[in-house]
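Asks:
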Amino acid sequence: MTAGTGEQRDRGFDHTEVEPKWQDAWDEHGVFHVPDDAEDPAYVLAMFPYPSGEMHMGHVRNYAITDAYARYQRMRGESVLHPMGWDSFGLPAENAAMDREVDPRGWTMDCIATMKEQMELMGLGLDWDREVTTCEPEYFRWNQWFFRRFYDEGLVERKETGLNWCPSCETVLADENVTTEGGTEICWRCDTPIEHRDMEQWFFTTTDYADELHEALDRMDGWPENVREMQRNWIGHQEGDAVAFELTTGDSVEIFTTRLDTIHGATFFALSPGHPVAQDLAGEDEAVAEYVHRAEHGDREARSASEASSGDAARDEGLPQTSGVFTGEYAENPATGEEIPVYVADYVLSDIGTGALYAVPAHDERDHAFAREHDIPIRQVVEPAPDAEVDPADVDVQRAAYTEDGVLDLGEVEGSSDGRSESDGVLANSGEYDGLTSEEAREAFVDVFDGERRVERSLRDWCISRQRYWGTPIPFVECPDCGYVPVPEADLPVELPAFVRTTGNPLDAAEEWKQVECPDCGGPAERETDTMDTFVDSSWYFLRYISPGMDDAPFDTEQASDWLPVDQYVGGIEHATMHLIYSRFFTKVLADLDMLEGVREPFENLLTQGMVRKGGTAMSSSTGNVVSPRPFVEKHGADTGRLFMLEAARPEKDFDWTEEGARSAHEFLQGVYALAAEVASGAVGKVDADADRAPIDEYVAREVSATTATATEEFEAFRFNHALQAVRELVSLVRRYRDETTPDPAVVERGVETVTKLLAPVAPHVAEEMWDELGGEGLVAEADWPGADPPASYDIERRLVENTREDVRDIVDVAGIEDPEEVAIAVAPDWKHEVHEFARTSDADNLVGAVMGDERFREHGEAAADFAKDLAAEREALSETLDPAAERAALERAAWLIEREFGADVTVLAAGESAADARPGRPAIQID
RNA sequence: GCGAGGGUAGCCAAGCCUGGAAACGGCGGCGGACUCAAGAUCCGCUCCCGUAGGGGUCCGAGGGUUCGAAUCCCUUCCCUCGCACCA
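Each position in the first sequence, counted from 1, maps to that position plus 164 in the working numbering.
(1) Please report the Cβ distance between VAL734 and THR298, rounded to the nearest whole angstrom; I am assuming they are in contact, meaning their Cβ atoms lie under 8 angstroms.
(2) On the CB-based measure, 16 or more other CB atoms within 10 Å of its CB, does ARG563 come out buried or exposed?
(3) Anyone know if the C-beta pair for PRO793 and GLY774 falls short of 8 angstroms?
(4) Which runs of the alpha helix (DSSP H), 4 residues or longer, sit entirely within the stretch 591-633?
(5) Within this structure, are the beta carbons of PHE253 and GLU321 separated by less than 8 angstroms?
(6) Taking C-beta to C-beta, are VAL730 and PRO683 nearer than 8 angstroms?
(7) Check the C-beta distance from TRP186 over to GLU932 and give it rounded, since I have them as a contact under 8 angstroms.
(8) Which ranges would you report for the alpha helix (DSSP H) in the stretch 660-736 if only whole runs of at least 4 residues count?
(9) Skipping 5 residues on each side, what residues in its chain have a beta carbon closer than 7 angstroms to that of LEU381?
(10) Identify whether ALA408 lies in helix, strand or coil by the three-state DSSP scheme.
(11) Below 8 angstroms CB to CB, which residues in the same chain sit around ALA1082 once its five sequence neighbours on both sides are set aside?
(12) Assuming THR298 is part of the beta strand (DSSP E), what are its boundary residues?
(13) If you run the structure through DSSP and keep just helix, strand and coil, what is ARG423?
(14) Please name the residue, chosen from ARG777, GLU1044 and VAL1072, that lies closest to ARG1052 on a Cα-to-Cα basis.
(15) For the pair the stretch 519-526 and the stretch 417-432, tell me if three or more CB-CB distances fall below 8 angstroms.
(16) Hey, could you find the ends of the beta strand (DSSP E) ALA523 is sitting in?
(17) In chain order, which continuous runs of the alpha helix (DSSP H) of length 4 or greater are located wholly inside the stretch 785-826?
(18) By the DSSP assignment, the beta strand (DSSP E) with GLY1013 in it spans what residues?
(19) Looking at the strands, I want to know which residues DSSP matches up with GLN365.
(20) Considering only residues of the same chain and omitting the five flanking positions on each side of THR369, which have a CB-CB separation below 7 angstroms?
(21) According to DSSP, which residues form a beta bridge with TRP250?
(22) Taking C-alpha atoms, which residue in ARG883, ARG914 and ALA870 lies nearest to VAL848?
(23) From ASP818 to ASP291, what distance separates their C-alpha atoms?
(24) Of all the alpha helix (DSSP H) runs that stay within the bounds of the stretch 260-318, which reach a length of 4 or more residues?
(25) Going by beta carbon distance, what residues of the same chain come within less than 7 angstroms of GLU106, once the five residues before and after it are set aside?
(26) Within a Cβ cutoff of 8 angstroms, which residues of the same chain sit near PHE212, ignoring the five residues on either side of it in sequence?
(27) With burial defined as no fewer than 16 other Cβ atoms inside 10 Å of the residue's Cβ, what is the status of LEU435: buried or exposed?
(28) Do you know how far the Cα of LEU656 is from the Cα of ASP716?
(29) Exposed or buried, GLN679, counting other C-beta atoms within 10 Å across all chains shown (16 or more means buried)?
(30) Between ALA740 and the rest of its own chain, which residues show a CB-CB distance below 7 angstroms, the 5 nearest in sequence each way excluded?
(31) Ordered along the chain, which non-local residues of its own chain (more than five positions away) have a Cβ less than 7 angstroms from that of ALA724?
(32) Pop quiz: ILE1093 and GLU345 are said to be a contact at Cβ under 8 angstroms. What is the actual Cβ separation, rounded to whole angstroms?
(33) Could you pull out every unbroken beta strand (DSSP E) segment of at least 3 residues lying fully inside the stretch 497-565, listed in chain order?
(34) Could you tell me which whole beta strand (DSSP E) segments of length 3 or greater appear in the stretch 992-1078?
(35) Cutting at 7 angstroms between CB atoms, please list the residues of its own chain near ALA875, excluding the five before and the five after it.
(36) Go ahead and pull the three-state DSSP assignment for ASN328.
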């Protein structure tokens, strides 16, 4: 439908008129501004966007969630910080600049302006006074400032290692920026397969914090388990031992193993092709040199080859898994004193452990395969424990490796009472250590072989250099005499030179900018031309929101310590191992630099929102499978979009965008607005003292309270869909009340007013309009959230009413009663209630006996015995019921619903003859 | 291979932690009210049988615990995601 048609205006509201009006009003009242002196406000944060210029539905969902929660908290009386900013450095701006003769800055600023306008269109309640833009020198100067501080603290290293290179983006990438798809490593931004290059780059030493980053995850209850698990995987955790082996080359080579217990079975030694000792040997031995070369270069071809094939694993096809070359050198097995041959083997990876290992073919499958191929002896040193399920005679290590390591399953230690230990392995052929369990042997051997117990992790230091223009210049100068020298703090920020279109890094081409004096010796020097990974920007932006204008520090320590951690963070799962690890790292470093007090984790609660799909598949601009937010909002209104998104599914789940769902949301809003307008115009009911109506009014009042309680609970738990479902039910009830009785306008008004408030966080514009119609004071955005106690015994009563209504329907239906005229409902007599309660709480063995033994009940004779028998059959399932008077009152309150449904008179009776069939919670029903 | 999360009526989807009602809600379908009619709105029904509220079957499959299991335990199958030549 077209906005603002005459037809619409008659009965509904026109969102093109209403939405800007209230946006202005919120603005004028500074509703969303948080003063600096606010005490520990609720910090509700959506991951700030990269300003691409167009919002997509994922953004809308993200912000609809945080805004609803923030608005809800505000109505609860909290001060709320709900800020927004722009993650505005990055390659797309540079690409756009190359494509269409603009400069990255201009393009970015235009995009920000458009996106901000779209956010305003959505009516998001954001504190724009705290807007943060990472590509502004006022922001990125602090990146440089942090870089220097980190450098002073020894957290910055410049080192050469094998790095990921994206040929399309023409820059190195951190490990975190590389994703694996079908065995191929690709760039997270452009999906181009990456290459490996050895380069010297700048690193933040995230590994210094690996232990804490890993261990703290266990305590982060506010995070979803899958994100924590992803981070655990990413950081890695292998407990083992490092032991040195002496080689005939004269080198002492450290290995890392989780199976030190098997050391007596080591029959060869293996180095990865990248290992320094292997590299040295390659210099002396042609065969080794050739193998190392093939291993290093086969790599790339093999990857593209395996990509073409079905591509199960990224196993090199050029080099089989068992490939390797004997170096002619030997290592001494410290356990046996034997000389074992040293191989260079491709299956040994340079970035796992130390890149060197002793191989135990008897107890490791890969070592086994290698040994078979190269005719190396296989010696068993672990066998099944005497009490293990496996017969030692069945173990043939010549045929296959026996990998049971005999680790005690902690959960099963107690279970050894069943006569069988869970420890499967004990040592054999290991001299004096025979008979020890693997675990005991490991304990012993660390000392015996002068090793070191250690935890190996897969987390690597964070490579932050990027060979791109549109980022924060790394504040260093390279002097031919002094080496790398930091730019003095007084000279910060190092700003970007004008953009030039060039292949490669534009900063390299900015000759004038590049040439500087060395801060140390004053001689000619060159600026570092790399810029920082943009994840540096996003690692602390949530701190800048706290003191956005501060110009002598990145943020105010005292205020940040009070306002952090972020109470609720909402964003996409794609940042699980990137942004969310980097931010945690930054926060810990800042805490250790005393810039934060008592805060070591930035985000208390994390919600990863699900995708918005269409027709079962993800919305994607490349396939055109999208619903564009802007046209949608212009046509149907922001509230419609927000309501639909939030009621369609729980925030963390994916959901399908459907036309029907959106339409249903729109119609609901129009309908509920119309109801408010009708109430406001005085067209509903008349003030007329009618005693009969009192129970009905009370019924509605109780439903209003119950809905409020439900909505509150659900908002609190981020289940907006459940809250909204309850609100829809209440609206439906209020309508029925209005239509079918002589309604009390005050009751209707209270219902509609409550609905307005409950809806305000989700459909804020319509809610303001309704609030205005109803004559509410001020803005509903600033109104108090309604009280939230559920009425006494509400659940029991609801069950009673629902059951009774259903029973009436059943009877009418099954008995084929055409036109019921009178429905009589009779509550069970007092004594039955007493027996029921007695049965429910009694623990007597013989319930019937116990009941009949009580003279209160005995006087009801046979009826009491029968009833007791029935109860006995289901005594464990008996649930609490209302007392007779309460039951009767509840049914009287609900009687109007039955009258309305069947057009029959309904009478609710106290117990009488007609109540013979009645039971507590199940009244007798007579229909005529 | 390791790990995490899932499998609920035609579809989407609650409930499972803290066992106790054929199992919330939405969509679709069916019937009814209102209406000249359509739309909108409202009220029901939607696993099977049943002319007074009853009975049967049911929550991926199979076992078990229990008076009682969608919920707890074990086994098994399938799906999604993350990690993975990890020494």
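Don't be surprised by glycine CBs; every beta carbon is placed ideally from N, CA and C. Computed from a predicted model, the values in this text were never measured in an experiment.
Replies: Answer, in terms of the structure:
(1) Here residue 734 refers to the residue found at position 570 when the first sequence is read from its first residue. Here residue 298 refers to the residue found at position 134 when the first sequence is read from its first residue. Wrong, their Cβ atoms sit about 19 angstroms apart, outside the cutoff.
(2) By 1-based counting over the first sequence, the position of residue 563 is 399. It counts as exposed.
(3) Taking the first sequence and counting its residues from 1, the one referred to as residue 793 is at position 629. Taking the first sequence and counting its residues from 1, the one referred to as residue 774 is at position 610. The answer is no: Cβ separation not under 8 angstroms.
(4) 602-612
(5) Reading the first sequence from its first residue, position 89 is the one you call residue 253. Reading the first sequence from its first residue, position 157 is the one you call residue 321. No; because the gap between Cβ atoms is not below 8 angstroms, this pair is not in contact.
(6) If you number the first sequence from 1, residue 730 lands on position 566. If you number the first sequence from 1, residue 683 lands on position 519. Their beta carbons are not under 8 angstroms apart, which means VAL730 does not touch PRO683 by this criterion.
(7) In the first sequence, the residue the question calls residue 186 occupies position 22. In the first sequence, the residue the question calls residue 932 occupies position 768. TRP186 to GLU932, Cβ: 4 angstroms. Contact.
(8) 670-673, 675-678, 698-701, 705-708 and 721-727
(9) Working through the first sequence from its first residue, we reach residue 381 at position 217. Within the same chain, LEU381 has close Cβ partners ARG392, GLN395 and ARG396.
(10) Translated into positions along the first sequence, residue 408 becomes position 244. Strand at ALA408.
(11) Taking the first sequence and counting its residues from 1, the one referred to as residue 1082 is at position 918. Contacts found: ALA990, VAL991, ALA992, PRO993, LYS996, ALA1075 and ALA1088.
(12) Looking up residue 298 in the first sequence gives position 134. Here THR298 belongs to no beta strand (DSSP E), and DSSP marks it neither H nor E.
(13) Position 259 of the first sequence holds residue 423. Three-state DSSP puts ARG423 in coil, outside helix and strand.
(14) To locate residue 1052, count along the first sequence from 1; it is residue 888. For ARG1052, the nearest C-alpha among the options comes from VAL1072.
(15) yes
(16) By one-based count along the first sequence, residue 523 stands at place 359. First-last of the beta strand (DSSP E) with ALA523: 520-523.
(17) 793-800 and 802-812
(18) Along the first sequence, read from residue 1 onward, the residue named residue 1013 stands at position 849. From DSSP, GLY1013 is part of no beta strand (DSSP E) but of the alpha helix (DSSP H) over 1011-1016.
(19) Along the first sequence, read from residue 1 onward, the residue named residue 365 stands at position 201. In DSSP, GLN365 forms a bridge with LYS323.
(20) Position 205 of the first sequence holds residue 369. So the list reads LEU319, GLU321 and ASP625, once near-sequence residues are dropped.
(21) Numbered from its first residue, the first sequence carries residue 250 at position 86. According to DSSP, TRP250 bridges with THR297.
(22) For this step, residue 848 is matched to residue 684 along the first sequence. For the residues ARG883, ARG914 and ALA870, the minimum Cα distance to VAL848 belongs to ARG914.
(23) Reading the first sequence from its first residue, position 654 is the one you call residue 818. Reading the first sequence from its first residue, position 127 is the one you call residue 291. If I take the Cα positions, the gap works out to 29 angstroms.
(24) 268-285 and 301-316
(25) An answer regarding residue 106 cannot be provided, because it is not within the stretch 165 to 1092 covered by the chain.
(26) One-based indexing of the first sequence puts residue 212 at position 48. Closer than 8 angstroms at Cβ, skipping near neighbours: MET248, GLY249, TRP250, ASP251, VAL296, SER702 and TYR705.
(27) Taking the first residue of the first sequence as position 1, residue 435 is located at position 271. Per the 10 Å Cβ criterion, buried.
(28) Here residue 716 corresponds to residue number 552 of the first sequence, with the count starting at 1. Here residue 656 corresponds to residue number 492 of the first sequence, with the count starting at 1. C-alpha separation (whole angstroms): 12 angstroms.
(29) As a first step, residue 679 must be located in the first sequence, where it is residue number 515. Label assigned to GLN679: exposed.
(30) Start at 1 with the first residue of the first sequence, and residue 740 comes out as number 576. Closer than 7 angstroms at Cβ, skipping near neighbours: VAL391, MET394 and GLN395.
(31) As a first step, residue 724 must be located in the first sequence, where it is residue number 560. Taken in chain order, the residues that qualify are LEU707, ILE710 and LEU760.
(32) Because the chain in this structure spans residues 165 to 1092, residue 1093 falls outside the shown range and cannot be described.
(33) 503-509, 520-523 and 546-548
(34) 1069-1073
(35) Along the first sequence, read from residue 1 onward, the residue named residue 875 stands at position 711. Answer for ALA875: ALA887, ALA890, VAL891 and LEU922, listed in chain order.
(36) In the first sequence, counting from the first residue as 1, residue 328 sits at position 164. In this structure, ASN328 counts as strand in the three-state DSSP scheme.
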